[in-house]
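*Asks:*
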Amino acid sequence: MHVKLWVGGCLAVGVVAAQSKAVAVVEAVENTSYREGGGGAYLTTRVKTLETLKGEFGDVLHVTQGVKNGGTPGRYATEDPDRYAVLEPGRRYVIAVQSGSTAGTVGTEAWAWYAEPAQRGVDGEREHWQEALASPPEAAVNSSCEDVDGQAG
68 MHVKLWVGGC
78 LAVGVVAAQS
88 KAVAVVEAVE
98 NTSYREGGGG
108 AYLTTRVKTL
118 ETLKGEFGDV
128 LHVTQGVKNG
138 GTPGRYATED
148 PDRYAVLEPG
158 RRYVIAVQSG
168 STAGTVGTEA
178 WAWYAEPAQR
188 GVDGEREHWQ
198 EALASPPEAA
208 VNSSCEDVDG
218 QAG
């Protein structure tokens with residue numbers, strides 16, 4: 068029996084874009100703190116904004132994300148690295164924020180609920196996310212997405 072498998076995260080990008088208060092391409096500068104509490108672990112990273120894609124971002128801000136418990140400096144992990152990459156200094160990412168301050172005001176931080184490597188470069192990410200933001204989530208399919216026949220089982 069053949070079934071259609073959805074390949075790519077195209078629909079996910081549309082949902083992320085629609086449900087986020089702010090989206091940007093950033094460069095991770097420094098992991099500034101790691102803490103455990105309330106059954107979770109949290110990593111805060113200072114990032115430099117390279118391109119704001121939705122909402123407003125300060126030039127530099129602190130972003131917190133959930134990570135697996137037991138991390139040590141430079142050795143953090145998440146449950147879903149494809150949709151939620153750990154921000155590593157010196158690398159570029161697209162992040163989506165649902166809560167917290169993205170203004171970069173001292174003593175504030177934003178909560179990144181989505182982070183992926185910026186593999187398309189700043190210009191490519193801008194184009195990709197502008198298309199996602201312009202389309203409602205159910206229509207956020209683009210030409211880089213495809214259905215593939217697969218075996219059920």
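Once you know that position 28 of the sequence shown is 95 in the numbering used here, the rest is easy, because the numbers rise by one and skip nothing. Don't be surprised by glycine CBs; every beta carbon is placed ideally from N, CA and C.
1) So what does DSSP say about Arg142, is it helix, strand or coil?
2) To which residues does DSSP link Gln165 through a beta bridge?
3) Taking all protein chains shown into account, do 16 or more other C-beta atoms lie within 10 angstroms of the C-beta of Thr116, making it buried, or fewer, making it exposed?
4) Beta carbon of Thr131, beta carbon of Thr111: below 9 angstroms?
5) Note down the Cα distance separating Gln165 from Val90, rounded to an integer number of angstroms.
6) Kindly indicate which three-state DSSP category Val153 falls into: helix, strand or coil?
7) To which residues of the same chain is Thr175 closer than 6 angstroms at the C-beta, ignoring the five residues directly before and after it?
8) Only counting the same chain, and skipping five residues up and downstream in sequence, which positions put a Cβ closer than 6 angstroms to that of Gln86?
*Replies:* Considering the structure as presented:
1) To locate residue 142, count along the sequence shown from 1; it is residue 75. DSSP places Arg142 in strand when its eight states are reduced to three.
2) Walking along the sequence shown from the start, residue 165 turns up at place 98. Its beta-bridge partners do not exist; DSSP assigns none.
3) Indexing the sequence shown from 1 puts residue 116 at position 49. Flag for Thr116 reads buried.
4) Within the sequence shown, residue 131 is the residue found at index 64, counting from 1. Within the sequence shown, residue 111 is the residue found at index 44, counting from 1. Against a cut-off of 9 angstroms, the Cβ pair of Thr111 and Thr131 comes out as a contact.
5) Taking the first residue of the sequence shown as position 1, residue 165 is located at position 98. Taking the first residue of the sequence shown as position 1, residue 90 is located at position 23. Between Gln165 and Val90, the C-alpha separation is close to 9 angstroms.
6) Position 86 of the sequence shown, counting from 1, holds the residue named residue 153. Reduced to three states, the DSSP call for Val153 is coil.
7) Here residue 175 is taken as the residue at index 108 of the sequence shown, counted from 1. The residues are Ser168.
8) Counting from 1 along the sequence shown, the entry for residue 86 is found at position 19. None.
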